[in-house]
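Visitor: According to numbering that gives the first Met the number 0, the stretch in the sequence shown is residues 0 to 426, in order.
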Amino acid sequence: MTRMTTRRMTRRNAVLGIAAAATALARPSLTRAQSAARVVVVGGGFGGAACARALTRAHPALQVVLVEPNKVFTACPFSNEVIAGLRDIEAQQFGYDRLASDGITIVDRAATEIDIQQREVTTSDGTTLTYDRLVLSPGIDFHVEGLPGYDDAASELMPHAWKAGAQTLLLRRQLEAMKDGGLVAIAIPANPSRCPPAPYERASLIAHYLKNRKPRSKVLILDAKDNFTQQRLFEKAWQELYGNMIERVALSQGGRVTSVDPSARTIVTEFGNYTPDVANVIPPQRAGRIAEIAGAADTTGWCPIDPGTFQSKLVPNVHVIGDACLGGGIPKSASAASAQGKACAAAIIDLLAGRPPEVPRLTGVCYNTVAPGYGFSLAGNYQPKGDIFAEVEGGMTSPVDAPRELRAREAVEAERWFHSITADSFG
Ligand code: FAD
């Protein structure tokens, strides 16, 4: 039986996430000794939770330990709707009870040290956990050296809202407190970064909020890129829905943010300085810090892997999945992290059993909602090519000139996708 779902992707199975490959079901049996292996997964987000569940489902006798400091995970997809006042933060939150009842041991602390030689993870209370295989799925941290002036204190004045939770609510409160006629600036970093279309979705939904509540206000995008994914779809929607409310300064127009001065709320670009009423500054990113501590991140700040198994190229017995890995053509998204988690689980089981892992084929789908009832999507298939994942045939993007009924349908599909992927990861 093959482990990867290789069926042709249709919009429906992309929505439901069932083309997200690597089902890790019906794995060949492990010997008693192999079954007693311990896999420690660091990070209980989309990648880590999907991986831990796939391991346990495939082989309940495996010892699977999930290390995650938060008792409740707050999801980023749809968090732009929270910022725009269209959704409550509680709709984004998921606990780990289901994973625990699946037989996964949940350790609610952060991993602070990793000893590659001894195969040990130390957690914030000093406990050590040994492993046969370690999976790192710590998401992102910020590359603050890449943005002078920006640090944790600055994020309290100029929220990034790029990790969902308190930052999401802070940005929402700032928008609510802003006067009509105010300026909201969104600083967007260059790629690679988490969910490349999400900043433009955010600009759209903030414009929706302003149009209804503070119609004399503006959104200014300061962009470190000239072109961005699904650009024609976004720009058409902006024109149709928001007139000239959204203005974008691209890289070649001097839009790249070079530093910030949080005390004056000033954003410095290659072209000039801006002092908006609300400054949403999304800094450059890199893999979650624990990946660097483990020695799994290279000078780019991301983690090179063998895309066939997700094994680190830098440290043995360690796999890196989700936003933290250098995935090549596969965008850093929840869809990709979840599919990678399942494929990684299947590869680990093959490796424990001494069998060569099968070649994964992954599917990622990304929805953008630019207003209530107005969505569009992008789906792709990816396979290993050399050291990275490359896009292969079968991808789909929404047509630019689609009727509004399709946009409305895609907005509904986006909700279903969110329900499906969170149920898959968290139960
Ligand atoms: P995460 O889901 O971030 O999980 C990482 C986990 O690791 C966290 O729970 C963290 O607490 C934990 N962790 C970190 N360090 C440690 C440590 N030392 N010890 C233990 N645990 C640790 N993707 C989509 O597919 N569709 C969308 O529509 C979409 N919309 C988005 C909108 C926004 C505004 C943003 C910011 C992102 C969006 N994304 C979307 C991207 C998606 O959220 C990420 O790509 C996805 O969460 C990556 O999964 P991950 O497992 O790599 O990291």
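Yeah, the Cβ is synthetic: ideal placement off N, Cα and C, and Gly gets one too.
Values in this document were obtained by computation on a predicted structure and should not be read as measured data.
Which term fits T73, buried or exposed, when burial requires 16 or more other beta carbons within 10 angstroms of its beta carbon?
Guide: buried
Visitor: With DSSP as the reference, label R37 as helix, strand or coil.
Guide: strand
Visitor: Report the three-state DSSP secondary structure of A21 (helix, strand or coil).
Guide: Bear in mind that a pLDDT of 41 at A21, under 50, signals an unreliable position, so the model cannot answer this.
Visitor: In this structure, how does DSSP classify F425 when only helix, strand and coil are distinguished?
Guide: helix
Visitor: Tell me whether A197 counts as near the ligand FAD, meaning its Cβ is closer than 7 Å to at least one heavy atom of that ligand.
Guide: Yes - the ligand FAD has a heavy atom lying nearer than 7 Å to the Cβ of A197.
Visitor: From what residue to what residue does the alpha helix (DSSP H) around R172 run?
Guide: 165-176
Visitor: Taking only the alpha-carbon atoms, compute the straight-line gap between I205 and Q33 and give it to the nearest angstrom.
Guide: 52 Å
Visitor: Helix, strand or coil for C343? Go by DSSP, reduced to three states.
Guide: helix
Visitor: Check whether the Cβ of K331 lies closer than 7 Å to any heavy atom of the ligand MG, and answer yes or no.
Guide: Inclusion of the ligand MG in the displayed structure is not the case, the ligand content consisting of the ligand FAD alone.
Visitor: Can you have a look at F93 and say buried or exposed, based on whether 16 or more other CB atoms are within 10 angstroms of its CB?
Guide: buried
Visitor: Quick one: is A21 buried, meaning 16 or more other Cβ sit within 10 Å of its Cβ, or exposed?
Guide: Per-residue confidence for A21 stands at a pLDDT of 41, beneath the threshold of 50, marking its modelled position as unreliable; no derived number is given.
Visitor: Counting only runs of 4+ residues fully inside the segment 284-309, write out the alpha helix (DSSP H) ranges in chain order.
Guide: 288-293
Visitor: Under 7 Å: does the beta carbon of F72 sit that close to some heavy atom of the ligand FAD?
Guide: yes
Visitor: Am I right that T265 and V256 are in contact with their C-beta atoms under 8 Å? What's the rounded C-beta distance?
Guide: Incorrect: roughly 11 Å between the Cβ atoms, too far for contact.
Visitor: Which same chain residues, not among the five before or five after A160, have their C-beta less than 6 Å away from its C-beta?
Guide: Q166, T167, L170
Visitor: Helix, strand or coil for N427 per DSSP?
Guide: It is not possible to answer for residue 427, since the shown part of the chain is limited to 0 through 426.
Visitor: Can you tell me which of A236, D101, K70 puts its alpha carbon nearest to the alpha carbon of A49?
Guide: From the listed residues A236, D101, K70, the smallest Cα separation to A49 is found for D101.
Visitor: Determine the direct distance from the alpha carbon of V66 to that of G84, and round the result to whole angstroms.
Guide: Spanning the two alpha carbons is a distance of roughly 32 Å.
Visitor: Using a threshold of 7 Å, is the CB atom of Y366 nearer than that to any non-hydrogen atom of the ligand FAD?
Guide: yes
Visitor: Helix or strand or just coil, what does DSSP make of F77?
Guide: In the three-state reduction of the DSSP assignment, F77 falls in the coil class.
Visitor: Roughly how many whole angstroms lie between the Cα atoms of V399 and T121?
Guide: Roughly 50 Å between the two C-alpha positions.
Visitor: Taking 7 Å as the cut-off, is the beta-carbon of P303 closer than that to any non-hydrogen atom of the ligand FAD?
Guide: no
Visitor: Assuming contact is defined by CB atoms lying nearer than 8 Å, are L128 and I347 in contact in what I supplied?
Guide: no
Visitor: Give me the Cβ distance between G46 and A378, rounded to the nearest whole Å; I'm assuming they're in contact under 8 Å.
Guide: Incorrect: roughly 18 Å between the Cβ atoms, too far for contact.
Visitor: Apart from the five residues on each side of it in sequence, which residues of its chain come closer than 7 Å, Cβ to Cβ, to C343?
Guide: Only C50, V134, F309, H318, I320 meet the Cβ criterion.
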